[in-house]
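Below is one structure, written out as structure tokens; the observations come after it.
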Amino acid sequence: MSEILKVENLTKQYKSHSGLLTVLDAVNFAIEKGSTFSIVGPSGSGKTTLLGLCAGLDRATSGSVILNDIVLDNLSEDDRAYVRNQYVGFIFQNFQLIPTLTALENVMVPLELRGEKNIKKRSLDLLDKVGLADRDDHYPTQLSGGEQQRVSIARAFSNSPQILFADEPTGNLDEETGQKVENLIFNLNKELGTTLVMVTHDLELAAKTQRIVRIKGGKLVSDQLTESGIASNAIKLKQG
Amino acid sequence: MEPQPNTNLSWIIRMAWRDSRKNRSRLLLFTSSIILGIAALVAINSFSNNLKNDIDDQAKSLIGADLSVRGRLPMSDSVHAFFDTLALFKANEVRFASMAYFPVSDGTRLIQIKGLEGDFPFYGEFETVPQSAARDFRNGRKALVDNTLLIQFGADVGDSVKIGKLNFLIAGRLEKAPGEIGLNATIAPTVYIPGKYLEETGLIKKGSRINYTYYYKFESEERTEEVVEKGKKFLKTESLRYETVEGRKENVGEAFSDLTQFLNLVGFVALLLGCVGVASAVHIYIKEKIGTVAVLRCLGVKGTGAFLIYLFQISAMGLFGSIVGAILGSGIQVILPKVLQDFLPLEVSYSISWIAIAEGIFSGFIVSILFALLPLLTVRKISPLRTLRAFFEEDSSSKDLLKWLAFLAIAIFIFGFAYLQIREIKEAFFFTGFIALCFLILTGIGRLIMWLVKKYFPASWSYVWRQGIANLYRPNNQTLILIVSIGLGTALISTLFFTQSLLLDKVELSASENQPNMVLFDIQTPQKDEVEKLVEEFDMPLIQKVPVVNIGVQEINGVTKFENEQDTTSEIDTWVYNREYRVTYRDTLIDSETLEKGNWVGEIESFNDSIFISIDEGFARRMHVKLGDEILFNVQGTPVKTYVSSFRKIDWNRVQTNFLIVFPKGVLEEAPQFHVVVTRVKSDEQSAKFQQALVKSFPNVSSIDLALILKTLDDVLGKVSFVIRFMALFSIVTGILVLIGSVIISKYQRIQESVLLRTLGANRKQVLKINALEYFFLGSLASLSGIILALVGSWALAYFNFDSPFVPDPVPSLIVLAIITGLTVIIGMLNTRGILGKPPLEILRSEV
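Protein chains in written order, with this note's numbering: chain A, 6 to 245; chain B, 0 to 847.
As structure tokens, then:
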């Protein structure tokens, strides 16, 4: 199976009053298409920085990020925006819906950006899948946290991304709502064959992905297959 | 790379529309500044355009004839004959100043007498009550008397007025004469009498200052031009000046170009304040949009795409504001002719000026975009990483070339617009520089305040005070933007206040105690002793007794007027030769004079001595005359050769007879002359009685009552300051709108933390106090900065323009400071009340 994301010697440093601060230090890994992947680690370990670099939201100090065979390193911000629109979906801890747009309009934006047709029906279908078809004309402030996250999931899948980046997707939700959101993400991911890259504190949630990398002090300290990852590999070998 | 995502124009417009839905009330706030700025501009430009059209339409009635010729002496018979034979109709007017006596109230006043012969005006008409009086007064010993005079002396049509030795029946109340402006009536009220009675009044005597004007009507404009062309040489040799309808049109146009330029600048300043409002409102609006932009960037929108969404929103609101402003301005222009009626020689009609409307809409649209550009350009640089990290540091915006280009575009716009209004490159440049300087100084003050507050933070003060003060420099502070916007508005308003009091102070200086307050002039030599005796009989002091001789310049250093005109290198202007000089002779300097240069020569010993004269130093500079220069004067036909021996500095603020040129004793004693007596009356009653006695015994002698002059000056200044204040009102209201807009918008900056403080247990009073303190500091510091700027500006005006010391009056400064600070706090408090009245959660959910 081919790789959708490859990270080589990825390093990120910031200038601070006390000199150079290394947030990520020569991180290497690769993710296969259609797989699920977690990045875990304590606060300040560099997880979110790594996610931002992988998704093309920021530039690395050195090293390389290759997303769907496109080297992001030297792309301009506008070219990276294009890559995100074509191949990437996002789910954020604080939902990040556009407050002035309705639920339906929020879902439609990525499709509109691609200039696609019949987007209203497709977006309504997606809202239906996340159980919010009857709330399409509501603004984010009129929705609960769980509902907002479900809209953001519908938006993340609206452009049929090849890879979905999720930053603590259940971090702001209660357990029950969190569970529903988790199921939604994994089901849609499976259904649409999307690669999932997730940053989380929640080890139980991470265990549901096929592979977990652990970051500490900006360094990759472990890279393990989970039970579902081992099972999935075994199936692949059999099919081999 | 593959093609870019589709962020075409239709999507951008759709997004701009969607995004604006929940923000329109906020967008309207910045639109309101544009509305008012454009309203001012359109009103003023419409008025200017209508005035120009009306001048064209009513040009003939401005002069009342096709040609007017005027001079200090009557026309010679040959010139008379030349014009009389060519004209269809003719009329003449003899004008001079004299005292008028109203028996009905026993009152006297110095007025302007106009003796009229012929059917003037040929175009237009005197506006009189009754209207028939405009023609009837010529048929007997009747007078048309200025309305203000009748009001002052309680006289009416049917009463009489005594002019010189004759009594005239008041035939009509004069409201307006062709081409005269309303203000003339305040300065020099006029009485028209039939010219045939002039001799009988006994007022026309040798040495009297009389103006003769001749009016002609010709067959056509071409004929007029032909006559003028042929008659020029006669006019020149007899020192007669002429004016045609075309000339008057140009003169009036020029005179009003100053007024309209002033008004245009006022409108422009109102618009600029609106621009500050736009910039500050958009700045805060965009700050709130950072999150949305970051999400859009995550979803694949290019920097330019995000920028265009908000540019489109702002442009649409700018266009909307400009259209509303243009409609409002077209309505407001109805008021302007009423405000300016005392300064206008004609009726200004009301009509919609489409040019002014188009200019207004275009300007409003452009300034909305230009001034929104600075904050808008930052949208391009918002990183998508902000979705993950709230306090991600952006690249330094100072490196953004487009931002500098936007600054340049703004500077070019201000310069270009100022040039279009003033039509003077140098002045437009100074104006732009002044605005830039104001911005820079205010920005500097804003930054300094933030630095000082941070550096010397009162750490030991109570929490509420610390929080209120810390808001001045913490992230999302309003300090810079409010200091600049409120400061600029305050600076403008305060400058108007200070300059006005500067002018009034100058006038009041003359009215102080123990100064002369009455001047008697046109006293003939045989009357001199008797008039002095009358003054003493009334127990009034003879403060000054001054002989006055009218003379002209014939040669300067041997160069005649003709030779001077031929010499292209000569610095001496022709007016030096043309004007009439009223000079005196005495042997000492008086207390309003100081010797600046040279030697004062008070007397000549023998008739053959050289004659040394003294000249006012400023006047000598304008004449381009140096010490030792030789000037040949024409003393009523007799050439008198003199040498400039000294320059004096004269304090013109004193009520004294001051003279530009003073001769020594022993030269002019025998020349035809009149005399001036300066005295002081103790009361209005004494003044009235003395003037009545003077008019009865010496009808040709005129008196000026200083109290009346001061009242007149006060009236004139009152009218001028009313116009200035009215026009400043535009700026003030725009400034207040900017203030309201800035403060209301700033609510959204503080809302989260106010709610958080409430959630953490802060009571209503504490939150109110924190906000009140912040707004108090912002309001007071901003208005103080503006006042400081205005003080510097007014000092510069006083020093460079009025040439007088500037002593700032603390009262207006304190009033402005209190009002602006109070307004800021009140508006800020009204905002906060809305937040405090509701549960925190409801606000957090509803305020997007």
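Yeah, the Cβ is synthetic: ideal placement off N, Cα and C, and Gly gets one too.
Remember, it's a predicted structure, so these values are computed and weren't measured experimentally.
Check, Outcome
"Complete beta strand (DSSP E) runs within the region 6–60 of chain B (minimum length 3 residues, chain order)", "none"
"Close Cβ partners of residue 115 (chain B) (< 6 Å) along its chain, the five nearest in sequence each way excluded", "92, 191, 194"
"Cβ pair residue 140 (chain A), residue 161 (chain A) closer than 8 Å", "no"
"Proximal chain B residues relative to residue 29 (chain A), where beta-carbon distance stays under 8 Å", "Within 8 Å Cβ-Cβ: nothing; residue 29 (chain A) doesn't reach chain B, min ~14 Å."
"DSSP three-state assignment for residue 592 (chain B), whether helix, strand or coil", "strand"
"Chain-ordered chain B contacts of residue 57 (chain A) [CB-CB under 7 Å]", "384, 387"
"Proximity below 8 Å, CB of residue 41 (chain A) to CB of residue 194 (chain A)", "yes"
"Residue 154 (chain A) versus A:164, A:163, A:177, A:201, residue with shortest Cα-Cα distance", "A:177"
"Through-space distance from residue 94 (chain B) to residue 661 (chain B), alpha-carbon basis", "28 Å"
"Cβ-Cβ distance between residue 732 (chain B) and residue 35 (chain B) below 8 Å", "yes"
"Option nearest residue 246 (chain A) by Cα separation, candidates A:33, A:92, A:213, A:49", "Outside the displayed span of chain A (6 to 245) sits residue 246 (chain A), for which this structure offers no information."
"Residue from B:575, B:155, B:371 whose Cα sits closest to the Cα of residue 622 (chain B)", "B:575"
"Sub-8 Å separation of residue 673 (chain B) and residue 547 (chain B) beta-carbons", "yes"
"CB of residue 272 (chain B) within 8 Å of CB of residue 85 (chain B), strictly", "no"
"Nearest-angstrom Cβ-Cβ length linking residue 170 (chain A) and residue 60 (chain A), presumed shorter than 8 Å", "5 Å"
"Chain B within 8 Å of residue 103 (chain A), Cβ atoms only", "yes"
"Completely contained beta strand (DSSP E) runs for the region 571–619 of chain B, where each covers 3 or more residues", "579–584, 592–597, 610–615"
"Per-residue contacts from residue 294 (chain B) into chain A (C-beta, under 8 Å)", "101, 102, 103"
"Where residue 360 (chain B) falls: helix, strand or coil (DSSP)", "helix"
"Cut-off 8 Å between Cβ atoms - residues of its own chain near residue 133 (chain B), not counting five sequence neighbours on either side", "124, 125, 126, 127, 143, 171"
"Cβ contact check for the region 272–284 of chain B and the region 6–20 of chain B: 3 or more pairs under 8 Å", "no"
"Residue span of the alpha helix (DSSP H) that contains residue 563 (chain B), given as start and end", "560–565"
"Interface flag, residue 12 (chain B) vs chain A, CB-CB below 8 Å", "no"
"Chain B contact residues for residue 115 (chain A), given Cβ-Cβ distances below 7 Å", "298, 299"
"Beta carbon proximity, residue 396 (chain B) to chain A, threshold 8 Å", "For residue 396 (chain B), the predicted structure reports a pLDDT of 49, less than 50, and the residue's modelled location is therefore unreliable. The matter cannot be settled from this model."
"According to DSSP, residues forming a beta bridge with residue 127 (chain B)", "B:173"
"Proximity test, Cβ basis, 8 Å: residue 53 (chain A) and chain B", "yes"
"Assigned exposure category for residue 166 (chain A) - 16 Cβ within 10 Å defines buried", "buried"
"Cutoff 8 Å: residue 12 (chain A) Cβ touching any chain B Cβ", "no"
"Complete runs of the alpha helix (DSSP H) confined to the region 435–495 of chain B [at least 4 residues]", "462–469"
"Proximity of residue 519 (chain B) and residue 692 (chain B) at Cβ, strictly below 8 Å", "no"
"Cβ contact (3+ pairs, closer than 8 Å) linking the region 805–824 of chain B and the region 781–789 of chain B", "yes"
"Cβ-based neighbour list, residue 176 (chain B), same chain, cut-off 6 Å, excluding 5 preceding and 5 following", "125"
"Secondary structure, beta strand (DSSP E): runs of 3+ residues fully inside the region 635–699 of chain B", "637–649, 660–662, 673–678"
"Rounded separation between residue 527 (chain B) and residue 545 (chain B) - CA only", "10 Å"
"Neighbour flag for residue 74 (chain A) against chain B, beta carbons, 8 Å", "no"
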